[in-house]
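Adding 81 to a residue's 1-based position in the sequence shown gives its number in our numbering. Glycine included, each C-beta is placed from N, C-alpha and C at the ideal position. To start, the structure itself, in structure tokens.
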Amino acid sequence: MVMGELQIADVKAQVGLSLFADFEDFSIFKPAPQQEKSVNAMLDQVIAWGGVLKTLREKRALGGAESAEGHGIKTCSSAPPFLVPAAWN
Numbered sequence: 082m083v084m085g086e087l088q089i090a091d092v093k094a095q096v097g098l099s100l101f102a103d104f105e106d107f108s109i110f111k112p113a114p115q116q117e118k119s120v121n122a123m124l125d126q127v128i129a130w131g132g133v134l135k136t137l138r139e140k141r142a143l144g145g146a147e148s149a150e151g152h153g154i155k156t157c158s159s160a161p162p163f164l165v166p167a168a169w170n
């Protein structure tokens, strides 16, 4: 909740995975049936944020970083997709 107020992209859904129960031979991801819903919710959020941040990165690459600033967001110069409130710069 605090990270959202700072306009930092965050993923709310969390999953607690076990190497013993959710991975086959400690390397192949095979979540237990009870984990499937949580994993899908988390991945849905990651994919959604990925699409939004991709759009911002593309606008920045085309010289349109100011379009994000109009929403109180400024891209961090170190490396996209990090975003910080424009007031911090």
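Rounded straight-line distance, which links the Cα of residue j to that of residue i
i	j	result
Leu143	Leu134	14 Å
Glu105	Ala113	10 Å
Ile128	Gln115	21 Å
Sub-7 Å separation of residue i and residue j beta-carbons
i	j	result
Ala102	Trp130	no
Leu100	Phe107	yes
Gln126	Val92	yes
8 Å Cβ shell around residue i - same chain, five flanking residues per side excluded
i	result
Glu86	none
Contact set for residue i: own chain, Cβ-Cβ below 6 Å, skip 5 residues either direction
i	result
Thr136	none
Cross-strand partners of residue i (DSSP beta bridge)
i	result
Glu109	What sits at residue 109 in the sequence shown is Ile, not Glu. Beta-bridge pairing links Ile109 to Glu105.
Segment contact, 8 Å Cβ cut-off, at least three pairs: the segment 116 to 136 with the segment 95 to 102: Taking 8 Å as the limit for Cβ pairs, the verdict is that the segment 95 to 102 does touch the segment 116 to 136.
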